[in-house]
Amino acid sequence: MLPPMTAPAPARTADRHAVALRVADKTVVADGVVTLTLAHPDGGRLPDWTPGSHVDLVLPTGDTRQYSLCGDRRDAHHHRVGVLREPAGRGGSAWVHDELAVGDLVGVGGPRNAFPLRPAQRYLFVAGGIGITPLLTMVAAAGAQGIDWQLVYGGRTRASMAFLDELARYGDRVSVLPQDEVGLLPLRDLVDGLHPDTRVYACGPPPLLDALAGCGLPPHVLRTERFVAREQGAPVRDTPFTVVLDRTGTEVVVTPGVSVLEAVRSVGVDVLSSCREGTCGTCETAVLAGEPDHRDSLLDDADRAAGDCMYVCVSRSRGDRLVLDL
Amino acid sequence: MTAVATPPELDLDPFADDVLRDPLPAHAALRDAGALVRLPRYDTFAVARYADVRALLSDWQSFESAAGVGLTNFRRETPWRPPSLLLEADPPAHDAPRTVLAGILGPRALRRLRADWAADADRLVEDLLAGGSVEVDAVPTLAEAFPLRVFPDAVGLGREGREHLLPYGDHAFNAFGPTDNPRVLAGNERMAEHAGWVGQQCLRENLSPVGFGADVWAAADRGDLTHAQAPLVVRSLLTAGVDTTVHGIGALLHALAVTPGAWEALRARPELVRVAFDEAVRWESPVQAFFRTAVRDVPVGDGVVPAGEKVLVFFAAANRDPRHWADPDRFDLTRDPSGHVGFGMGIHQCVGQHVARLEAESLLTALLARVTRLKLTGAPVRHLNNTLRAWESLPVRLTA
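Printed below as a string of structure tokens:
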């Protein structure tokens, strides 16, 4: 057997191990929204990131939550995230709002990017509520490259919409459309008037993204990020399959009701995972042979067709055998 | 308030023949002179200590690449070719090309090539040793032959015209030096021909349907790149992917031939082949140095690089800095070379490093299986290049 790759890039190391960062600032930026500014305790550089990236915050329970980076990537010493208090959530946002304080250390994993900004002639950005966070960094990137862009930003009320002050400098490129003033975003009008070269990047609550997805835009035109898992049908097969771990030759049978992740862990192979619902990307695993039954909310059609990676927390196998790079 | 010191000056020409032939004394002088050194000969700055080189390479926010990573400042002078979308670009423009190539050349993608390359290396070595022990020049016979056998195929190049690859890359790396340098002037003569061929190979219709080149075009079809970017991203493979690997393998073979006991140690522990290659990249630094340009007045050590000024960042000097490495001039298979800056560091760190490692590992593994001893049979001869450290000739005896 050959030893694993030596000298991985620093960003990969950061992917695999949460580091403790200090909360350097915590600011209420809208009704129910705080920003956290995170810094290395020794003042060092933080990992580089690209627009659309997120980090994992590690909660006291050991669970993690994903938050988009929404600061200035030219500031190598601070990462900023925006956190909406979600009363119906699992408690992560309440902890950030009520417990986490300036000066505290918090475990942070990543950054990773499941929502990268691809090059285009023009962009339309569509934000709903806290979905503004990844788009904030994208408008900055588009502007820095002199690319034409528009942002349509909806929210419940003006007071609930974060970063309006930071967006003011972009003038009429930004349309701020609070629902209590003007109703739902006019998605159909936006899509109908679209220049063929425009690429649409949208982030927001599932109803907004579902409505956009229903407007008939081809997949290469519309890119979205959702932090809530997409609805999935039943698995392709309801019988057991075998997973082969290529690095050791170990085989493990995955029965219905058990995830590939759980099965792999049961034979002592550790795969870092986070959301357990196919939305965060932490458990990405290379597929060497076999055909995955993709059940995540991350891969686009092209990625799925390539079939060379899968998220083992939710995705399964279409065939009897799946060989993984583990 | 700390006083800003005037950086020490060194009257040294990093592109002069005698320095290129043996750069180690110049590198030591640069390290010892200070964290930041001024090179009046080219009205530029240099850093050579490990900590400063690494910090400077990581800090893309303060030191840009888009002004060119050679002596020519693209803000004031015209580059000899359209700038690279990777090497000579900064975020955010750099993001998409980098993301695309990192995927195409990543460890996951390369697994598909591993078995083929191992078999190819076996055939090369088997043919070479068909009549038993041989004396050969390891540069053309091994260091050039193997990458030229597998890499153009992996990219998906046609059979015709591959002889343009090495001279094109050699010139591209010379051209990071001064434009009136004799190596650059000599290379200019046939560059239109080489560059013309390379440009043609980057077009979709000239690439085979399977390969890194086709993968780049497929990325453009998916919208991960624009179609206008695709040929320049393919060009990066052809510029940066051939000479560098050839010289990396040359460095490895030379190191193993001149280090007593190294060949035997590797034969006993072939799992060290990857360490051996990275240690050779540290020890020799096939890419010796690149420039960066300060985007504002940036403090380095107790000096300052003024906005708009270039800094020559010596990977090679950092890789032998005794402030960081124990016994740095020793090629040592027991060392952990992790953290060397031979592939650079930060967002521009060599995107093809996994390809280079796989090529070196494939060839060396095949050699170790059949060659019991590797010895120099004559004096090796340097190939001079303004950026690369290379061998022209490495006469060796391979004992079957």
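Chains as they are written, first to last, in my numbering: chain L, 20 to 345; chain E, 291 to 690.
Just so it is clear, CB atoms sit at the ideal spot from N, CA and C, and this is done for glycine as well.
Every value quoted in this text rests on a predicted model; they were computed, and no experiment measured them.
- Relative to glutamate 310 of chain L, the option among L:Val262, L:Cys302, L:Ala58 and L:Val158 whose CA is nearest is L:Val262.
- Assignment of beta-bridge partners to aspartate 312 of chain L by DSSP yields L:Arg335.
- Annotation: Cβ neighbours of aspartate 67 of chain L in chain E (cutoff 7 Å, chain order): Ile637.
- Considering only beta carbons, the part of the segment 511 to 542 of chain E lying closer than 8 Å to chain L consists of Arg512, Gly513, Asp514, Leu515, Thr516 and Gln519, in chain order.
- Arginine 672 of chain E has its alpha-carbon roughly 20 Å from the corresponding atom of arginine 620 of chain E.
- Between aspartate 349 of chain E and chain L, the shortest Cβ-Cβ separation is below 8 Å.
- If you look at aspartate 320 of chain L, you'll find it isn't in any beta strand (DSSP E); it sits in the alpha helix (DSSP H) that goes 320 to 325.
- Taken atom to atom, the span from the alpha-carbon of histidine 96 of chain L to that of threonine 304 of chain L is near 30 Å.
- Chain-ordered, the chain E residues with CB closer than 8 Å to the CB of glutamine 164 of chain L read Pro382 and Ala383.
- At least one CB atom of chain E sits nearer than 8 Å to the CB of leucine 307 of chain L.
- DSSP places serine 194 of chain L in the uninterrupted beta strand (DSSP E) bounded by 193 to 197.
- Among the residues of chain E, those whose CB is under 9 Å from the CB of proline 135 of chain L are Asp385, Ala386, Thr389 and Asp514, following chain order.
- In this chain, the beta strand (DSSP E) harbouring valine 426 of chain E covers 424 to 427.
- Secondary-structure assignment with DSSP links glutamine 639 of chain E through no beta bridge to anything.
- Here DSSP, grouped into helix, strand and coil, assigns glutamate 105 of chain L to coil.
- What arginine 401 of chain E touches in chain L, judged by beta-carbon distance under 8 Å, is Ala305, Leu307 and Asp344, going in chain order.
- Take the alpha-carbon of cysteine 222 of chain L and the one of leucine 124 of chain L: they are about 29 Å apart.
- For the set E:Gly551, E:Ala545 and E:Arg559, the Cα lying nearest the Cα of tryptophan 573 of chain E is the one of E:Ala545.
- If you draw a straight line from the Cα of alanine 356 of chain E to the Cα of phenylalanine 463 of chain E, it is about 17 Å long.
- A distance below 8 Å separates the beta carbons of proline 313 of chain E and alanine 606 of chain E.
- Residues of the segment 201 to 230 of chain L with a C-beta atom less than 8 Å from some C-beta of chain E are Arg218, listed in chain order.
- Non-local C-beta neighbours of alanine 308 of chain L in its own chain, meaning closer than 6 Å and more than five positions away in sequence, comprise Val342, ordered along the chain.
- In the three-state reduction of the DSSP assignment, aspartate 587 of chain E falls in the coil class, being assigned neither a helical nor a strand state.
- The C-alpha of glycine 446 of chain E is placed about 6 Å away from the C-alpha of valine 500 of chain E.
- Alanine 325 of chain E carries a coil assignment under DSSP once its states are collapsed to helix, strand and coil.
- Runs of the alpha helix (DSSP H) spanning 4 or more residues and lying entirely within the segment 455 to 536 of chain E occur at 455 to 464, 472 to 491, 502 to 512 and 520 to 530, in chain order.
- Proximity of the segment 207 to 227 of chain L to the segment 134 to 147 of chain L meets the contact definition, three or more beta-carbon pairs being nearer than 8 Å.
- Under DSSP, alanine 579 of chain E shares a beta bridge with E:Phe604.
- At a cut-off of 8 Å between C-beta atoms, alanine 160 of chain L counts as an interface residue with respect to chain E.
- Leaving aside the five residues that flank cysteine 302 of chain L on each side, the residues in its chain whose CB is nearer than 8 Å to its CB run, in chain order, Leu280, Val290, Leu291, Ser292, Ser293, Tyr330, Val331 and Cys332.
- In the displayed model, alanine 552 of chain E falls within a helix according to three-state DSSP.
- By the Cβ neighbour-count rule, glutamate 416 of chain E is exposed, with fewer than 16 other Cβ atoms within 10 Å of its own.
- Judged by DSSP in its simplified three-state form, tryptophan 114 of chain L adopts helix.
- Taken in chain order, the members of the segment 80 to 101 of chain L whose beta-carbon sits within less than 9 Å of a beta-carbon on chain E are Arg92, Arg93, Asp94 and Ala95.
- Excluding five sequence positions before and after phenylalanine 182 of chain L, the CB atoms of its chain that fall closer than 7 Å to its own CB belong to Val48, Ile151 and Leu155, given in chain order.
- Here DSSP, grouped into helix, strand and coil, assigns methionine 157 of chain L to helix.
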